[in-house]
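Student:
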Amino acid sequence: MSLRKKTYEVVVVGGGHSGVEAALISNFLGASIAIVTMDKNAIARMSCNPAIGGLAKGQMVREIDVLGGVMAETADLSGLQFKTLNKSKGRAVWSPRAQVDKRLYEKNIYNKLSLSSVSIIQEEAVSVNIKHNRVKSVFLRSGEEIKCSTLIITAGTFLSGIIHIGERKILAGRMGEQRSEGITESLVSYGFFSGRLKTGTPPRLDRGSIDWKKTSVSMGDRNPTPFSYATKTFNPPNHPCHLIYSNSQTHDIIKSNLHLSPMFLGDIGGKGPRYCPSIEDKIDRFKERDSHLLHLEPEWKNSDQIYLNGFSTSLPEQAQQEALRSIPALRDTSILRPGYAIEYDFFPPSQVKSTLETKEVSGLFFAGQMNGTSGYEEAAAQGLVCGINAVKTIRGEDPLILSRDSSYIGVMIDDLITKDTLEPYRMFTSRAEYRLILRFSNTFERLLKQTKQHSLLPDKKLATLEKALELKTEARKELNKSITHTNILKGFKISQKTPAVKILKRPEVSIFDLPLKTSIKKTTLVDWLKKDLLYDLESDIKYEGYIKRHHKEIQRAIKNENQKIPQKTVFSTIPGLSKEAMEKLQHIKPENLGQASRISGVSPADISSLFIHLSK
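The sequence shown begins at 12 in this note's numbering and counts up by one.
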């Protein structure tokens, strides 16, 4: 870390997962950079679940890795258990997840910052200085001004944060941590508009108070795949997690205390995450269910503090205790920290471009929960994109813009800027219409071109990815030429010599059944990557027809994406547009026809009218 200055090319407000990715990639690209954070000891803190990855999130973590981020490598170094989810389904939706030692994760991130030239300023940012629609500086609580060419705000849940535990309210950004005041008011004074969202976290339990004999053990994979392409040998620990279930008694106790829940009292104005509901929400919305699965997860190695995944709540602590003790394994449990809900300010992401730079102020970027997302991975991905594009803005270079067909990150950003964010946004595989080609295993292939174009990786890691792509291409050619004899494949009847690629299209045949000495098998690449490449090659071959159909759809969509819409377009003057379309288009200001077509309330007829107008 470098000595503190008064002027930086990039300043990042917030030291969470978004902030550290923004800072480290900006530093790698050669910019002078500072993080402003209220507590340097809380950098990269995992404030909720002690895990990285999961459904669609695992794909995003590897995308972060290929685009120069650090989350993947850090998760590999800090993991307690690794598992691929959705293995019973098609490979397009296989998603890796790691149970992580949260203390070690923070330490590993801090070590990366310590080895960089990133300055860490332990202060509170309170206002932004904007002149002539360009960011100039940020003011600290001390009155000090830090000048900057670009400013990235990644404030998480800290903007006017309020914690709710029953009727009790605590002004905080996170339990035990001061909230941030001033940034929202400063941005609103420049014409930005804000809203309120809510998220929550479950209680933390004392390990010694749990009857582990009344739980089921859940282990990770025996031979897991790492997140990062930089990881060589990979023999991670496999610490157990445990499973328990709520029951009808648990539900009755929660129902009898709903009148004390701030959500049901109307004390919380912010909308909560639809796909990560509190236990109160689950019981209220799914009345037919008499049990819900809960996971007991260690927060760090040999941790006495256990995270109860699936039991997010804002009920009073006494009600939480009573409900938990109705579960056999938790009869004598002690709560180390109660669950709580937290409400915070965010800025609807219709105010940012696909670069995540704000539309009205040059050099100002928003990332993470500022944009209404939920989750470490979503935040880290946005921070990375902001950091890259902040440096590109300073240098006057073309920005990094990720498309829906290239990455889950591209899907997320496109969703954010074209759809109304009425609740915290969480990534799922179902959000990606091209998920068959957005597999975890082919991340390097779909993003390598942009990674090279923007110089996002060190030479050694880039060489590994280039070698992997070269070998996959060679192996595909080899499979097309290879002739399999009738006596080679046991259990398969083949009447004549047949190309291996044709045999591989059979659903019951695996690429590992083929006795081929392919380039991949002979290479010096690490074993896990060889296996990954073979799996991915097999996926390409087995799903070839569907993939070709996807690519045809993508080519049609590209025509719309390439039709740019001038930023100063006045949509109310365009003949043929419905009133709703005029209002939505004027509000969101899409950058191209493709984005316009994905806005809720804009019909195909509206797009046709807009196309005619743009063609004049």
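Virtual Cβ for every residue (Gly too), placed ideally from N, Cα, C.
1. For residue 625, which three-state DSSP category applies?
2. Pick helix, strand or coil for residue 77, following the three-state DSSP scheme.
3. Within its chain, find whatever has a CB closer than 6 angstroms to the CB of residue 390; leave out the 5 residues flanking it on each side and keep chain order.
4. Cα-Cα, which of 152, 144, 131 and 132 is closest to residue 138?
5. Going by CA-CA distance only, name the one from 519, 100, 544 and 37 that's closest to residue 467.
6. Taking its Cβ as the centre, do 16 or more other Cβ atoms sit within 10 Å of residue 358, making it buried, or is it exposed?
7. Measure the Cβ-Cβ separation of residue 365 and residue 602 and say whether it is below 8 angstroms.
8. Whole-angstrom Cβ separation of residue 166 and residue 22, contact assumed at under 8 angstroms?
9. For residue 2, list the residues DSSP reports as bridge partners.
10. Going by CA-CA distance only, name the one from 510, 213, 110 and 577 that's closest to residue 235.
11. Span of the alpha helix (DSSP H) holding residue 28?
12. Leaving out five residues before and five after residue 539 in sequence, what residues of the same chain have Cβ atoms less than 7 angstroms from its Cβ?
13. Could you have a look at residue 251 and say whether DSSP puts it in helix, strand or coil?
14. Which of the three DSSP states, helix, strand or coil, is assigned to residue 229?
15. Helix, strand or coil: which one does DSSP assign to residue 119?
16. My guess is that residue 146 and residue 120 are in contact by the Cβ rule of under 8 angstroms, so how many angstroms apart are they, rounded?
17. Could you compute how far the alpha carbon of residue 102 sits from the alpha carbon of residue 57?
18. Out of 106, 174, 59 and 19, which one is the CA nearest neighbour of residue 162?
19. List the whole-angstrom C-beta distance separating residue 548 from residue 483, where the pair is believed to meet the contact cut-off of C-beta under 8 angstroms.
20. Report yes if the CB atom of residue 252 is closer than 8 angstroms to the CB atom of residue 289, and no otherwise.
21. Compute the beta-carbon to beta-carbon distance between residue 309 and residue 93, rounded to the nearest angstrom, for a pair I have assumed lies under 8 angstroms.
22. Can you grab the Cα-Cα spacing for the pair residue 385 / residue 525, in whole Å?
23. In the DSSP assignment, find the unbroken beta strand (DSSP E) run with residue 195 in it and report its ends.
24. Go ahead and label residue 584 buried or exposed: buried means 16 or more other beta carbons lie within 10 angstroms of its beta carbon, across all protein chains shown.
25. Answer yes if the region 267 to 275 comes into contact with the region 325 to 341, meaning at least three C-beta pairs across the two stretches below 8 angstroms, and no otherwise.
26. Alpha carbon to alpha carbon, what distance is there between residue 606 and residue 425?
27. Under a three-way DSSP split, which group does residue 294 fall into?
28. Quick one: what's got a C-beta closer than 8 angstroms to residue 663's C-beta in the same chain, skipping five residues either side?
29. Give the straight-line distance between the Cα atoms of residue 330 and residue 265, rounded to the nearest whole angstrom.
30. Can you look up residue 614 in the DSSP assignment and give me helix, strand or coil?
31. Mark residue 598 as exposed unless 16 or more other C-beta atoms lie within 10 angstroms of its C-beta, in which case mark it buried.
32. Taking DSSP as the reference, what is the three-state secondary structure of residue 205?
33. Could you pull out every residue in the same chain whose Cβ sits closer than 6 angstroms to the Cβ of residue 382, ignoring the five residues on either side in sequence?
34. What separation, rounded to the nearest whole angstrom, lies between the Cα atoms of residue 194 and residue 448?
35. Is there contact here, the region 459 to 473 with the region 434 to 447, by at least three beta-carbon pairs under 8 angstroms?
36. CA-CA distance, residue 129 and residue 115?
Tutor: In brief:
1. Assigned with DSSP and collapsed to three states, residue 625 falls in helix.
2. helix
3. The answer, listed in chain order, is 28, 29 and 379.
4. 152
5. 37
6. buried
7. Taking 8 angstroms as the Cβ cut-off, residue 365 and residue 602 qualify as a contacting pair.
8. Contact between residue 166 and residue 22 is absent: CB atoms are separated by about 13 angstroms, not below the 8 angstroms threshold.
9. Outside the displayed span of the chain (12 to 627) sits residue 2, for which this structure offers no information.
10. 110
11. 28 to 39
12. 236, 237 and 245.
13. coil
14. It is a strand residue.
15. helix
16. Rounded, the Cβ-Cβ distance is 26 angstroms, inconsistent with contact.
17. 29 angstroms
18. 19
19. That pair is a contact at about 6 angstroms.
20. no
21. Not a contact, Cβ separation roughly 14 angstroms.
22. 43 angstroms
23. Looking at the DSSP string, residue 195 is not in any beta strand (DSSP E); the run it does join, the alpha helix (DSSP H), is 194 to 200.
24. exposed
25. Between the region 325 to 341 and the region 267 to 275, the count of Cβ pairs shorter than 8 angstroms is three or higher; the stretches touch.
26. 7 angstroms
27. helix
28. Nothing about residue 663 can be reported from this structure: the residues present for the chain run from 12 to 627 only.
29. 7 angstroms
30. coil
31. Burial is judged here by how many other beta carbons sit within 10 angstroms of a residue's own beta carbon; residue 598 has fewer than 16 and is exposed.
32. coil
33. If the five residues before and after residue 382 are omitted, its C-beta is found closer than 6 angstroms to the C-beta atoms of 360 and 427, all from its own chain and listed in chain order.
34. 40 angstroms
35. no
36. Using only the alpha carbons, I get a separation of about 20 angstroms.
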